[in-house]
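Data block below; observations after.
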Amino acid sequence: MGSAFVYAAARTPFGKFNGALAGVRPDDLAAAALRGVLARVPELDPAGIGDVVWGNANGAGEDNRNVGRMAVLLAGLPVTIPATTVNRLCGSSLDAAMMASRTIESGDADVVVAGGVESMTRAPWVLPKPSRAFPAGDVTAVSTTLGWRLVNPRMPKEWTVSLGEANEQLQEKFSISRERQDAFAARSHALADAAWSAGFYDDLAVPVEGTELARDEGVRPGSTPEVLAGLKPAFRPGGTITAGNASPLSDGASALVLGSETAARRLGAEPIARVAGRGAAALEPQAFGYAPVEAANQALRRAGIGWDDVGAVELNEAFAVQSLACVDAWGIDPEIVNVKGGAIAIGHPLGASGGRVLGTLAHVLRERRERWGVAAICIGVGQGLAVVLENVSAA
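Residues in the sequence shown are numbered from 223 upward in steps of one, following the numbering used here.
Below, the structure is given as structure tokens:
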């Protein structure tokens with residue numbers, strides 16, 4: 223089998239819930255990211271794209287079931303380009319990239335575009351159909367923005383707690399203080415602001431037509447541990463998780479071009495990084511925040527390296543507490559984690575975040591001249607994914 227390489231990455235700036243991207247449909251956001259990443263490989267004939275694999279965690283509204291195919295059509299690509307949509311909740315676009323890499327390694331395609339999108343702002347309410355005709359009572363509209371919905375009553379109650387409560391349980395298990403969480407969150411904002419100001423994200427960001435959003439809307443440069451300490455707990459009286467040390471609801475899209483080694487000629491570009499290892503793991507649904515630990519360990523074993531070899535980690539910051547639990551479990555230097563900021567500052571549009579962390583990792587490895595890096599993400603209902611990248615210029 224051959225190897226799969228990341229050749230290009232792009233994403234929209236991420237918008238706040240009901241913010242600058244609220245007026246943009248998710249299929250249009252996806253098309254913007256798709257056009258943007260293909261602009262990074264202008265010599266590619268779009269007809270040569272073997273497949274498009276797109277992540278999306280909702281699918282209940284304007285995503286229109288298969289938002290990957292919608293993005294291909296709206297981006298103006300040839301109608302002969304196939305596309306599929308993947309739903310592994312928060313890990314959807316990282317899963318899409320993993321699937322794309324396997325397709326390339328198997329020889330089934332030479333070039334595959336992977337990505338993901340979410341408009342949490344525009345996620346619809348849904349109404350369950352009645353079990354019998356003409357019911358006399360009221361019907362409740364259920365939000366599809368985040369978390370459990372229309373839960374099967376056979377599910378154990380401990381599995382279906384809110385995402386916030388699940389992470390308060392993680393905090394109790396590992397005794398991760400509110401102070402550590404707030405310091406981690408403040409660092410995320412400071413590093414994201416510094417990265418934008420230094421121009422790091424200029425090579426990754428693509429504009430969204432009809433908006434003026436030029437950088438991630440949720441980044442707060444003035445955020446400090448002292449400011450964050452004043453926020454009230456969001457999920458439990460006396461709890462440790464607040465709106466300040468958890469990722470916000472967000473809108474956005476991300477995309478990557480992956481290809482074989484020989485695809486470089488068709489793309490007119492050199493690869494940035496090789497996909498060296500992949501991992502998927504699962505735990506009890508309420509322990510989802512800790513699932514990246516084993517996923518990353520799997521990916522490292524499959525890459526044939528250990529944590530001592532890793533120079534950069536991009537870990538999606540769903541919550542500060544679960545991020546810290548993972549970093550502690552891996553026994554790594556926290557200073558190599560999310561050096562350009564993380565989801566607490568940047569935002570977490572569910573279907574787009576995996577593509578963001580993988581694309582950011584590839585560029586961080588190149589900038590810092592590190593050879594090995596890990597991208598990892600926790601996923602609701604107890605799952606985690608991870609990918610190991612090798613910087614080809616440092617190999």
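We treat Cβ as the ideally placed atom computed from N, Cα and C, and that holds for glycine.
Assigned secondary structure, residue i (DSSP; H/G/I helix, E/B strand, else coil)
| i | result |
| --- | --- |
| D273 | strand |
| K395 | helix |
| W418 | helix |
| R590 | helix |
| R376 | coil |
| E492 | coil |
| V614 | coil |
| D530 | helix |
| I554 | coil |
| A451 | helix |
| G565 | The question names Gly, but residue 565 is Ala in the sequence shown. Residue state, collapsed to three classes: helix. |
| A503 | strand |
Option nearest residue i by Cα separation, candidates the options
| i | options | result |
| --- | --- | --- |
| G511 | V335, K395, S476 and D473 | K395 |
| M320 | A420, R591, V515 and G581 | G581 |
| R590 | V532, E506 and M223 | V532 |
| V559 | D425, M223, W594 and A525 | W594 |
| L299 | D555, L316, C312 and V259 | V259 |
| D249 | N280, G224 and S225 | N280 |
| W529 | C312, P571, A597 and E506 | A597 |
| A231 | A503, S445 and G338 | G338 |
| V614 | A456, L311 and V586 | V586 |
Alpha-carbon spacing of residue i relative to residue j, whole angstroms
| i | j | result |
| --- | --- | --- |
| Q403 | A491 | 41 angstroms |
| N519 | C600 | 14 angstroms |
| A388 | S399 | 16 angstroms |
| S328 | G481 | 12 angstroms |
| G386 | I463 | 7 angstroms |
| V301 | V275 | 15 angstroms |
| G359 | L349 | 13 angstroms |
| D332 | V263 | 14 angstroms |
| A502 | D425 | 29 angstroms |
| L266 | V479 | 10 angstroms |
| A584 | L611 | 7 angstroms |
| L372 | V364 | 8 angstroms |
| A574 | Q393 | 26 angstroms |
| M377 | Q508 | 12 angstroms |
Pair within 8 angstroms by beta-carbon distance, residue i and residue j
| i | j | result |
| --- | --- | --- |
| R458 | E557 | no |
| P235 | D438 | yes |
| I494 | V228 | yes |
| P441 | A254 | It is Val, not Pro, that sits at residue 441 in the sequence shown. Contact flag unset, no. |
| R310 | Q544 | no |
| A417 | L450 | no |
| A282 | T366 | yes |
| D285 | P304 | no |
| V289 | G432 | no |
Any C-beta of chain E under 8 angstroms from that of residue i
| i | result |
| --- | --- |
| N374 | No chain E appears in this structure, which consists of one protein chain only. |
Buried/exposed call for residue i, threshold 16 Cβ in 10 Å
| i | result |
| --- | --- |
| K562 | buried |
| W552 | buried |
| E380 | exposed |
| P470 | buried |
| P375 | exposed |
| N240 | exposed |
| A542 | buried |
| T484 | exposed |
Residue i beta carbon near the ligand COA (any heavy atom closer than 7 angstroms)
| i | result |
| --- | --- |
| D330 | Looking at this structure, you won't find the ligand COA or any other ligand, since it has none at all. |
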